[in-house]
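Below is one structure, written out as structure tokens; the observations come after it.
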Amino acid sequence: MDVQRITHRGVRGFGFAGLIVAAAPALAVSLPATDPASVLPDTTAAPLLPEQMLVADSWNAGSTALVPVVATDAQAHPISTVDSPADGGASVGKPVDDIQFVRQATEGGRHEVQSARDALPQLKKPELKQIAEMLAADHTNANSKLAKIAENKGWPVPGPRAPAAPPAGTAAADFDSKWTAEMIEGHERSVALYRAQARGGEDKDLRKYASETLPTIERHLAQLRSLQK
Numbered sequence: 047m048d049v050q051r052i053t054h055r056g057v058r059g060f061g062f063a064g065l066i067v068a069a070a071p072a073l074a075v076s077l078p079a080t081d082p083a084s085v086l087p088d089t090t091a092a093p094l095l096p097e098q099m100l101v102a103d104s105w106n107a108g109s110t111a112l113v114p115v116v117a118t119d120a121q122a123h124p125i126s127t128v129d130s131p132a133d134g135g136a137s138v139g140k141p142v143d144d145i146q147f148v149r150q151a152t153e154g155g156r157h158e159v160q161s162a163r164d165a166l167p168q169l170k171k172p173e174l175k176q177i178a179e180m181l182a183a184d185h186t187n188a189n190s191k192l193a194k195i196a197e198n199k200g201w202p203v204p205g206p207r208a209p210a211a212p213p214a215g216t217a218a219a220d221f222d223s224k225w226t227a228e229m230i231e232g233h234e235r236s237v238a239l240y241r242a243q244a245r246g247g248e249d250k251d252l253r254k255y256a257s258e259t260l261p262t263i264e265r266h267l268a269q270l271r272s273l274q275k
């Protein structure tokens, strides 16, 4: 009797399990398919900033993958070049380093010439007067060579600036020392500029010019320092 009940229950349990297995495909078909993309956040409501990154879950069952949404610039930024004046419109096509050297060396040389000429009537020490005359002559010569190189290559050269007013109301001794200190500071910057160009400039003509001019600037600096002591 007990054996029959157990057997009967086992048959009924097996039949119920079979119904579940048989119905599984039908249940799977009847469930609506979920598109992972349909549940991602809508990122089209507002424009994205270039630095934004929106990260959303893929929403796949059992998946931990992340979907990055990155805003990128449409145009790449080219290497900087220096353009000619607006009326020309054509790119010079030279890296900024060489063009910047031409600009800085030209402006620095002009400043040395103007400062030396302005100082001559006010300097008291004969040695400083001689140095001022030498600075004016040497830097005028160097500026002419640099301008010729830039002209041959079609590079822009900064225009002349209005000369600064000479210092007024300074005692003679104070003027000598202040002018000497100013010239030393300017020549220290020039030595660093010319030395860097001579060693690592891209244009061979500028490297040659810097190498040939550097000893003159170093000599100026040494003489100015000797008179400052």
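If you're matching positions, the sequence shown starts at 47 in my numbering and goes up one per residue. No residue lacks a Cβ here, since even glycine has one placed at the ideal position from N, Cα and C.
Asked, Found
"Reduced DSSP category for Leu252 - H, G, I as helix; E, B as strand; rest coil", "helix"
"Cβ shell of Asp184 (< 6 Å), same chain only, five flanking positions each side left out", "Thr262"
"Spatially closest choice to Arg241 from Gly155, Ile230, Glu258, by CA coordinates", "Glu258"
"Length of the line joining the Cα atoms of Leu252 and Ala244", "8 Å"
"Candidates Gln160, Glu197, Arg207: closest to Glu179 by CA position", "Gln160"
"Own chain, CB closer than 7 Å to Val203, minus 5 neighbours either side, in chain order", "Val148, Thr152, Ala193, Ala196"
"Contact under 8 Å by Cβ, Glu290 with Gly205", "Absent from the model: residue 290. The displayed extent of the chain is 47 to 275, so no value can be given."
"Cβ neighbour criterion (16 or more within 10 Å) applied to Asp220", "exposed"
"Contact under 8 Å by Cβ, Arg235 with Gly154", "yes"
"With 16 other Cβ atoms within 10 Å as the buried cut-off, status of Asn198", "exposed"
"Backbone CA spacing between Ala188 and Lys175 [nearest angstrom]", "20 Å"
"Coil, strand or helix - Ala154 by DSSP", "Rather than Ala, the amino acid found at residue 154 in this sequence is Gly. Residue state, collapsed to three classes: helix."
"Nearest-angstrom beta carbon gap, Lys171 and Asp249 [assumed within contact, 8 Å]", "About 40 Å; that fails the 8 Å criterion."
"Euclidean distance between Cα positions of Lys191 and Ile230", "23 Å"
"Nearest-angstrom Cα separation, counted from Leu181 out to His266", "7 Å"
"Same chain, Cβ closer than 8 Å to Glu173, five either side skipped, listed in chain order", "Leu273"
"Closest by C-alpha distance to Thr186, when choosing among Ala162, Leu166, Asp143", "Ala162"
"Residue from Tyr255, Leu169, Asp143, Arg156 with nearest C-alpha to Lys224", "Leu169"
"Contact check, Leu260 vs Gln150, beta carbons under 8 Å", "no"
"Span of the alpha helix (DSSP H) around Lys175", "172-199"
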